[in-house]
Each structure stands twice: as structure tokens, then as C-alpha cells.
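What follows is a single structure, written as C-alpha cells, with notes after it.
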Amino acid sequence: MVENVKELLKLHEGITHQVYLDNENSTIVPQEVVDAMLPYFNQKAYGNPTLTHKPGWEAFEVIMNCFQKISRFVGAKNLEELTFTPGETEANNLAIMGSAFAKKELGKKIVISEIEPINVLHVTDLLKKFGFSTTKIPVDREGFIDLEKLKEAVDNETVLVSVSSVNNELGTIQPIKEAVDIVKAKNPQTLFHTDASDAYGRIPIDVQNLNVDLATVSSYKILGPRGMGAMYLREGINLERILEGQIGTQKLWPGVENTPLIVGFTKASELAFENFEVNIAKMRALRDKLVDGIFSELTDVKFNGPKGDKRSPDNANISILRCEGEALTIELSLKGIYVSSGSACSRRLLQPSHVLVAIGRRFSEAHGSILMKTTRYQTEEDIAYVLEVLPVAVNRIRGIVGSTGTD
Amino acid sequence: MSRIPLPYNPKVMDLFRNPKNLGKMDDATVVAVAGNPACGDMITFYLKISDQQVIERATFESYGCAANIATSSIVTEMIKGLTLETAWNDITWKKVTEEIGGLPSVKFHCGVLAVGALKRAIRKYFEEKGGGAPSWLPADLTFEEKQALEEEELAQRLSKRLKPEAET
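Which chain is which? The protein sequence lines are A and B, in order. Start counting the first sequence at -1; every next residue gets the next number (this note's numbering). Start counting the second sequence at -7; every next residue gets the next number (this note's numbering).
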């Protein structure tokens, strides 16, 4: 296996231009974020923040500062409302399982949307073992949740509703405030959680204004280091821990706080919010150039998700018909362009992206989809390079397909 | 999103990048298809078969992943010059997988589908020719043919559950 990977990497030798657009799945951490983190590995504040010595107190001070800053960026009232977790997956698990276990006396119903991220789908599946049932709210053809169905689904046994603020695949910006109002009107006891990982740094978020009870944000989704995220929990709400261990500065997540990663996440957040409007305008301009270019260069392509200001500024999701996605990701990789696809990877499941299927795309359209996200660090030249290479790559794959592969 | 790591070996990559025997064959004796675009996995084989029932030429078209393309291509290489009987008996999905230097386990079905398409082509040849099937051709479907059929039926069932196609 490793030998094969070595050979695969050799095939990439000689690439002169690389454009990393797979920012859905991991990102390049900017040098200024890396620089901000490095001293905390071995220069300062390397102690455990709960212990009584200088390196520990230093760590405590640094972490509290980071708590303050991230709290401000998400609109929390105070830093007690925030818990650092090792990522979006863990924050969502804590939010959903923690709420379910804490509220189980009130009922055992959970409501989510059809297009929640895999970790939300899986944790609600797991909760079946504990007697919880989950209703999935359908979405329309642009990925917006059906608010009427949401209203119908919530009853006096519903303990939690979880809907992402921005869908990670489609960039659809959900009407969270309206959804919260609908849920609370039906059952004021029902907690509302939103995974805001794809909203954070892209649209303004204010948990108080949205009136959500819980929210998730993720470090790598805003170009911070992987392995860090945070969960917001409104003051006064009790949650159960889902992991046990030594409790440090935060009661909902045990273990030793990872100071360098917390610093990196905070630095990445500062950079994203410092020039918020400028950053967003840059992502959007690059994204629009990319999408417009693809539509002018290629025929038989479909745009997935909404257009305009109801879409996250960085997200481009396009189905390229008669072109299987996995083959295309490999072809593009050999030219230095890195994207992901909604294609099914494991045949026994035969399931391409559940999000694309939920908005009514045919399976073949989902297999041929590519997901790209722009960042403020990319350039016009990067996009021009993609627009030069992509049509050639698509045409080669379509050449192999020939007349096969039409529905 | 495709998240299973797929460390394809150099032979798969070579056939993906430079597929052999690619394209439609206008004077094919028999054409057979297996798979379905809904599965993201579909192969067409074109075979030129002599009167002596020898496969003189074979070409393919493939809608699918790199492994699908590479296995289809290698099957066309493996069967060239074989009699239909030898091709039927000797070309199994395991042999195809071996010939290509191994596949990640989630991609075994690519070899299965390619051989399913080949067997379908051979069966179709005798059906179209008339005069009955030779004694070495079993009436029951082989493992690979059954798998191809199962995949197609599953795709049909899943597609029916989908919403009507979106307009945009």
C-alpha cells in the first residue's frame, strides 16, 4: 500500500503550479497561523493550565485569552459558554449526545435535516440504541430546509433540533433564526443546535441573535490547524459529558488542553474576522470567476445549490455529466489541482453524496460532482490555471466514457 | 465525498492514464454493456470475433473510476487472440485483479463488472448467431454476470426512490 502511494506521488513530480481547492476536507494552514502556534510547543505556556507553576499559569492565561476571543467571534455572552473540543466531529457529538442524555426525561425525539454532515447522521443513528428516534427534515432543490415540515416534526417529546447554519457541500445558508423561532414556539424546552463550522468566517454569526442553544465551530474550516474546534452552550443549560477523564479548565471536555492548537484556532479566527468583508469579497470573486469559467468552458454541467447571497461565498459545487468524479479528481491531481467529489467510493453502498441526492440530483449527477472552496490566499492566476486544465481533464475522461454512461 | 484512501498501483495508474484498446469499434461482431451510470460504474465491450470463434480485437468504453477504466482495458488485452471458450473459462475476476497487480478491496467489484460484461458479450454472441449455445456455455449465470445484474437492479431500485429531476 505505502509502496503504491510512493509511486503515485512520483507521478506528480514536475508539477509547476498547484491549486488546493479541497478546503472542505483539510486546508493549508497559513504561515502566520503556524508562526503564532510554534512558541507554545516549547518556548512558553507549555504547562498544564490547571497546575500550580509558572508554565501552567502561563498556559491558563493564554487559554483564557483565546476563550475570550472566540467567545466574542461567535457572540457568546461569556467564556464559560465555550468548550474547546478536538474538532467539529467531537463538538457535534458532544452537543447532540450530551443534550439527548441530559434531556432524556423530557422525551426521546430528535429532529435534524436530511443534509446534515455525516457525523450528525451517525451520532443520531447511534442514539437509536438508547431509545431515541430521529426525524429528518427534507430540503428543497437548493438545499433549504422545509420550515413547514420542521414545524410539524417538533412536538412535546422533541429534545433537540440540529440544523447546520451553512451546508458544507452546497454552501446553502439556512434560515436558522426563523427555524429557532418555529421550534421554540412549538416547544420552548427543545434545544436548538447548529453546526456553524461552514458559516464561521463566511457569514456573520451571533449565537445570541440567532437564539440557538448550542453551536459548533471548527478550526480547520477557517484555515486553522486540524484537531481543534469549539462548542457553544448557552449559559444555564445542562449537558452531559460524553467522555470521562481528568477535568481541566472546562467541565464538558476532559483531558489536557492543547494550547498550541487553541492558539492556532484563535489566530486563524482573528485573521478571518480582522478584515471580514475584504476576505469574503476575495473568496467570492475567486469563486465566481471559477464557476463562470467552468460554465463557459464546458457543456453539460449543472450548478448545485443556491446562487447569490444565500450561498456561502467560498463554495462551488458542480456536476459534470458523463464524467465520473473519482476519475476526475485523480486526473486533476496529476496536474496539481486538488478537489473532492460526491462520487460513491464504495460500490456495496452505491450511495453518492447524500446531500446531492437530497436536493434531487440523479445518482449519475452526484457521481460526477466536484466540490471546491476558495480561500483568500488564492489568486486570479490560480483560478486561471484551473480553468485551463479542467476542461482538458474533463474531455479526456469523457473520451473514455464515449457513449457509455448516459442514463 | 470520496474518503476511502485508494492507493492504486502503477499498473492501474498507467492504464488509467494511457488506456489500451479504448473506443467504440464500428465493425464489432458483438457489443455488450454492464453496470449503470447510477452506480457510477458502467462498461461497454466491443468484440470482433472470427468465424473460428477467436477474439481478434476487443475495445472498451468506461464510465467509472480509475480502477473501472484500468480493469476494462486490461480485459481487452487479456482476451485478444483467445477463443471464446478459453476466454469464457479462463478470464475470472480474480485473474483480472491479479493481472492488474491487485486492487484495493473496495474496488474488487470493478474486475467483477468487467468480467461480467465480457461473459455477457460471449453469451450475446451465441444468442445473436443462433443455432444454440455450445456445450461449454452454462445456462446458469456465472458469479460475475449475477453481480452485474444485481448492481443494475439495485441502481434501478435506488433511482426510483429519488425525487424527480431538478430543473436547473
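Glycine included, C-beta positions come from ideal geometry on N, C-alpha and C.
{"Check": "Classify residue 406 of chain A: buried if its beta carbon has 16 or more other beta carbons within 10 angstroms, exposed otherwise.", "Outcome": "Nothing about residue 406 of chain A can be reported from this structure: the residues present for chain A run from -1 to 405 only."}
{"Check": "Taking Cβ positions only, does residue 89 of chain B come closer than 8 Å to chain A?", "Outcome": "no"}
{"Check": "Which chain B residues are close to residue 2 of chain A, counting only those with a beta carbon under 7 Å from its beta carbon?", "Outcome": "-1, 0 and 1"}
{"Check": "So, do the segment 262 to 281 of chain A and the segment 125 to 140 of chain A have three or more beta carbon pairs nearer to each other than 8 Å?", "Outcome": "no"}
{"Check": "Within this structure, are the beta carbons of residue 112 of chain A and residue 214 of chain A separated by less than 8 Å?", "Outcome": "no"}
{"Check": "Does the beta-carbon of residue 36 of chain A have 16 or more other beta-carbons within 10 angstroms, so that it is buried, or is it exposed?", "Outcome": "exposed"}
{"Check": "Using the beta-carbon of each residue, which ones in chain A are nearer than 7 Å to residue 136 of chain B?", "Outcome": "Ordered by position in chain A, no residue passes the 7 Å Cβ test against residue 136 of chain B, which lies about 14 Å from the chain."}
{"Check": "Would you check if the segment 213 to 229 of chain A and the segment 181 to 189 of chain A touch, i.e. whether three or more CB-CB distances between them fall below 8 Å?", "Outcome": "no"}
{"Check": "For residue 160 of chain B, which residues from the same chain have a beta carbon less than 7 Å from its beta carbon, with the 5 sequence-adjacent residues on both sides left out?", "Outcome": "Because residue 160 of chain B sits at a pLDDT of 39, beneath the cut-off of 50, its placement in the model cannot be relied upon, and the following sentence gives the value as read from the coordinates. Within the same chain, residue 160 of chain B has no close Cβ partners at all."}
{"Check": "Measuring CB to CB, does residue 391 of chain A end up less than 8 Å from residue 319 of chain A?", "Outcome": "no"}
{"Check": "Can you find a CB in chain A that lies within less than 8 Å of the CB of residue 30 of chain B?", "Outcome": "yes"}
{"Check": "Leaving out five residues on either side along the sequence, give the residues of the same chain with a beta carbon under 6 Å from the beta carbon of residue 226 of chain A.", "Outcome": "217, 259 and 263"}
{"Check": "Terminal residues of the continuous beta strand (DSSP E) containing residue 159 of chain A?", "Outcome": "156 to 160"}
{"Check": "By how many angstroms is the C-alpha of residue 20 of chain B removed from the C-alpha of residue 41 of chain B?", "Outcome": "8 Å"}
{"Check": "So, at 8 Å on beta carbons, what are the nonlocal neighbours of residue 150 of chain B in its own chain, with the 5 sequence-adjacent residues on each side left out?", "Outcome": "30"}
{"Check": "By the three-class DSSP mapping on this structure, what secondary structure does residue 229 of chain A have?", "Outcome": "strand"}
{"Check": "Is the shortest distance between the beta-carbon of residue 56 of chain B and the beta-carbons of chain A less than 8 Å?", "Outcome": "yes"}
{"Check": "Beta carbons nearer than 9 Å to chain A: which residues of the segment 10 to 23 of chain B have them?", "Outcome": "11, 14, 15 and 16"}
{"Check": "Helix, strand or coil: how does DSSP classify residue 27 of chain A here?", "Outcome": "coil"}
{"Check": "Suppose you measure from the CA of residue 10 of chain A to the CA of residue 334 of chain A; what does that come to, to the nearest Å?", "Outcome": "7 Å"}
{"Check": "Kindly confirm or deny that the segment 85 to 100 of chain A and the segment 229 to 247 of chain A touch, where touching means at least three C-beta pairs closer than 8 Å.", "Outcome": "yes"}
{"Check": "Looking at the secondary structure, which residues open and close the alpha helix (DSSP H) in which residue 280 of chain A lies?", "Outcome": "274 to 295"}
{"Check": "Which residue's Cα is closest to the Cα of residue 101 of chain B: B:144, B:43 and B:13?", "Outcome": "B:144"}
{"Check": "Of all the options B:63, B:83 and B:18, which has the alpha carbon lying nearest to the alpha carbon of residue 49 of chain B?", "Outcome": "B:18"}
{"Check": "Beta-carbon within less than 8 Å of residue 394 of chain A's beta-carbon, same chain only, minus the 5 sequence neighbours each way: which residues are those?", "Outcome": "329"}
{"Check": "Can you find a C-beta in chain B that's less than 8 Å from the C-beta of residue 227 of chain A?", "Outcome": "no"}
{"Check": "If you measure between the beta carbons of residue 168 of chain B and residue 7 of chain B, is that distance less than 8 Å?", "Outcome": "This structure gives no information on residue 168 of chain B, because the portion of chain B shown stretches from -7 to 160."}
{"Check": "Roughly how many whole angstroms lie between the Cα atoms of residue 252 of chain A and residue 246 of chain A?", "Outcome": "6 Å"}
{"Check": "Looking at the C-beta of residue 93 of chain A, does it have a partner C-beta in chain B at a distance below 8 Å?", "Outcome": "no"}
{"Check": "Quick check on the burial criterion: 16 or more other C-beta atoms within 10 angstroms. Buried or exposed for residue 202 of chain A?", "Outcome": "exposed"}
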